[in-house]
Amino acid sequence: MTRDIFTRINTGLRAGDLYAKATVAAGVFFAVFAVAYLAQLRHWHEALGNLIGRDFVNTWMGARAALSGQVQQLFDFPTYLRALVQTLGPLPPHNWSYPPHLLLFIWPLGYMPYLGACAVWSLSGLALYLSVGKDRSPANLVFLAVAPAVAINLLSGQNGFFTAALLILAIRTVDERPIVAGICLGVLTIKPQLGFLFPLALLLSGRTRCLVTAAATTFALIGLTGAIFGMQVWYDYLHLAIPVQHEVLNTATGIPTLMMPSAYMNARLWGATPTIAWIVQIPFSLLAITAVVWTFMRNRDPMLSFAILITAGFVVSPYVFGYDMVVFGWLIATVRQRLSGIWDARLALTVWTLPVTMIVFGLCKLPLAAPIMAAFLLRLVWILHRQAAPALRCAGQPA
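Laid out in structure tokens, this is it:
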């Protein structure tokens, strides 16, 4: 009797209705979030002391350093903190964690005052993401625009809009325009953890033109950065900035730990030592690598394959953040027709909301973000396995 009731209730729901309700709910959340955030600002500072735009402080300081020729100060932590306080006043500690070739793309922001540059950065990034990710459906555009990751990215002043646009362009052009896709992936090395598994997938699937172009673009950016700022910046990045970043990963507390959906950080939330947390991370990383190898060893549904690749990129790495998950708005909107029903929709929307809900999970000491991401990855693999035979007929179609 109970099973019959459950079946009738479940049958009465439609995945499309669930997506529509989630879009409306996210829109309401976005509006409330914006009002609450603006209400707590005092002289353009947040309640916790961060300047509005939060992480954009690093981007703007990098742009200013590039224009002034003082790039080396970015990579030495004490020197950078002193420069930060001298320029913007007392702030919570920040550290520069980006590869030096990001400076090639952000230096024009250094000509603008901080608040103007922050507005240009966030709004242009959002516009680029929406223009690249949109399709013919107005509803999907709204779904992209109100995604919880969009709100988090606007709050944090991060580069999630730009990295999402690069991922989307790479996937959409990988078969028809592999050179364009390779350039996008080369530029994506400004956030190397997001493209960590792409070389493996491209190699296994025989997309060598894209792979070679991505490698050439990366080396060109490294060389150009060295030619403009001196190769010392790369030495400083490897020997000064990366150790600080590693230390931040091992000792992070507070908000950063709540915004990372990795197994490593979920283990740290439960009080695990860094060593134990790395041990917890290993099976998740192996799962991600195995899923990518299985997926790209044969010609399969292109979009589902790249959905697995993007999801695996967030499962494999211990160092990813919720603001990096902007791309999942587009990914879920694109693959939703390939999902199987109401439970798949619920799982997909759970991933879609993770940039916000995992903060709540973290405050409650519930390490749920990494298992949810792994479950979504496994579900995509299972759907691709079930669809493998018919998908072979459309394997040559562009993503």
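The sequence shown: position 78 = 226 (the numbering used here), numbered continuously.
C-beta atoms are modelled at their ideal positions from N, C-alpha and C, and glycine is treated no differently.
Remember, it's a predicted structure, so these values are computed and weren't measured experimentally.
Collapsed DSSP secondary structure at residue i in the structure displayed
{"i": "LEU199", "result": "strand"}
{"i": "HIS193", "result": "strand"}
{"i": "ALA400", "result": "coil"}
{"i": "PRO450", "result": "helix"}
{"i": "LEU345", "result": "coil"}
{"i": "TRP426", "result": "helix"}
{"i": "GLY160", "result": "Below a pLDDT of 50, predicted positions are generally treated as unreliable, and GLY160, at 39, falls in that range; the measurement from the model is reported next regardless. It is helical."}
{"i": "LYS339", "result": "coil"}
{"i": "SER353", "result": "coil"}
{"i": "TRP478", "result": "helix"}
{"i": "GLY544", "result": "Residue confidence for GLY544 is low, a pLDDT of 36 falling below 50, so the modelled location carries little weight; the figure read from the coordinates is stated next. DSSP places GLY544 in coil when its eight states are reduced to three."}
{"i": "VAL280", "result": "helix"}
{"i": "TYR467", "result": "coil"}
{"i": "HIS242", "result": "coil"}
{"i": "GLU324", "result": "coil"}
{"i": "SER410", "result": "coil"}
{"i": "MET260", "result": "coil"}
{"i": "MET473", "result": "helix"}
{"i": "LEU333", "result": "helix"}
{"i": "THR150", "result": "Note that THR150 scores 44 on pLDDT, short of 50, meaning its location in the model is unreliable; the coordinates nonetheless yield the value given after this. DSSP places THR150 in helix when its eight states are reduced to three."}
{"i": "LEU514", "result": "coil"}
{"i": "ALA537", "result": "The predicted model places ALA537 with a pLDDT of 49, which falls under 50 and marks its position as unreliable; any figure quoted below should be read in that light. Note: ALA537 maps to helix in three-state DSSP."}
{"i": "THR155", "result": "For THR155, the pLDDT reaches just 44, beneath the cut-off of 50, and the residue's location in the model is therefore unreliable, leaving the point undetermined."}
{"i": "ALA168", "result": "helix"}
Residue j beta carbon less than 7 Å from that of residue i
{"i": "HIS242", "j": "ASN206", "result": "yes"}
{"i": "GLY343", "j": "ASP203", "result": "no"}
{"i": "VAL463", "j": "ALA436", "result": "yes"}
{"i": "ALA469", "j": "MET413", "result": "For clarity, residue 469 is Phe in the given sequence; the question names Ala instead. No, these two residues do not count as a Cβ contact at 7 Å."}
{"i": "GLY330", "j": "THR366", "result": "no"}
{"i": "VAL483", "j": "ALA455", "result": "yes"}
{"i": "LEU215", "j": "TRP269", "result": "no"}
{"i": "ALA313", "j": "PRO503", "result": "no"}
{"i": "LEU417", "j": "GLY477", "result": "no"}
{"i": "VAL290", "j": "THR171", "result": "yes"}
{"i": "GLY258", "j": "ARG212", "result": "yes"}
{"i": "MET521", "j": "PRO450", "result": "no"}
{"i": "PHE223", "j": "ALA299", "result": "no"}
{"i": "ALA496", "j": "ILE480", "result": "yes"}
{"i": "LEU166", "j": "ALA493", "result": "yes"}
{"i": "TYR471", "j": "ASN301", "result": "yes"}
{"i": "GLN393", "j": "SER245", "result": "yes"}
{"i": "LEU532", "j": "ARG448", "result": "yes"}
{"i": "ARG357", "j": "PRO391", "result": "no"}
{"i": "TYR467", "j": "LEU397", "result": "yes"}
{"i": "ALA349", "j": "LEU457", "result": "yes"}
{"i": "VAL294", "j": "GLY175", "result": "yes"}
{"i": "VAL219", "j": "PHE377", "result": "yes"}
Inter-residue CB distance, residue i and residue j (contact presumed, cutoff 8 Å)
{"i": "THR443", "j": "SER453", "result": "5 Å"}
{"i": "LEU251", "j": "THR373", "result": "7 Å"}
{"i": "PRO548", "j": "PRO340", "result": "With the chain running from 149 to 547 in the structure shown, residue 548 is simply not present."}
{"i": "ALA415", "j": "PRO347", "result": "Going by Cβ atoms, the distance from ALA415 to PRO347 rounds to 28 Å, so no, they are not a contact pair."}
{"i": "VAL322", "j": "ARG355", "result": "6 Å"}
{"i": "ILE200", "j": "TRP208", "result": "No, ILE200 and TRP208 are not in contact; Cβ-Cβ is about 12 Å, not under 8 Å."}
{"i": "CYS332", "j": "LEU317", "result": "5 Å"}
{"i": "ALA411", "j": "VAL428", "result": "5 Å"}
{"i": "GLN188", "j": "ALA182", "result": "Contact flag wrong, Cβ pair sits at about 11 Å."}
{"i": "PHE309", "j": "LEU276", "result": "6 Å"}
{"i": "LEU345", "j": "GLY217", "result": "At roughly 37 Å, the Cβ-Cβ gap does not stay under 8 Å, so LEU345 and GLY217 are not in contact."}
Continuous alpha helix (DSSP H) stretch holding residue i: start and end
{"i": "GLN188", "result": "Unbroken run through GLN188: none, as it is neither H nor E."}
{"i": "ASP384", "result": "380-384"}
{"i": "TRP500", "result": "490-511"}
{"i": "ALA420", "result": "Neither: ALA420 is in no alpha helix (DSSP H) and is coded neither H nor E."}
{"i": "ASN288", "result": "286-293"}
{"i": "LEU250", "result": "Premise fails: LEU250 is in no alpha helix (DSSP H) and is neither H nor E."}
{"i": "PRO519", "result": "517-534"}
{"i": "SER304", "result": "296-304"}
{"i": "MET209", "result": "204-216"}
{"i": "LEU484", "result": "A small correction: the amino acid at residue 484 is Arg; Leu does not occupy that position in the sequence shown. Per DSSP, ARG484 belongs to no alpha helix (DSSP H) and is neither H nor E."}
{"i": "VAL233", "result": "225-236"}
>> Using 8 Å as the cut-off, can you tell me whether the segment 419-430 makes contact with the segment 262-278, which would need three or more C-beta pairs spanning the two stretches below that distance?
In response: no
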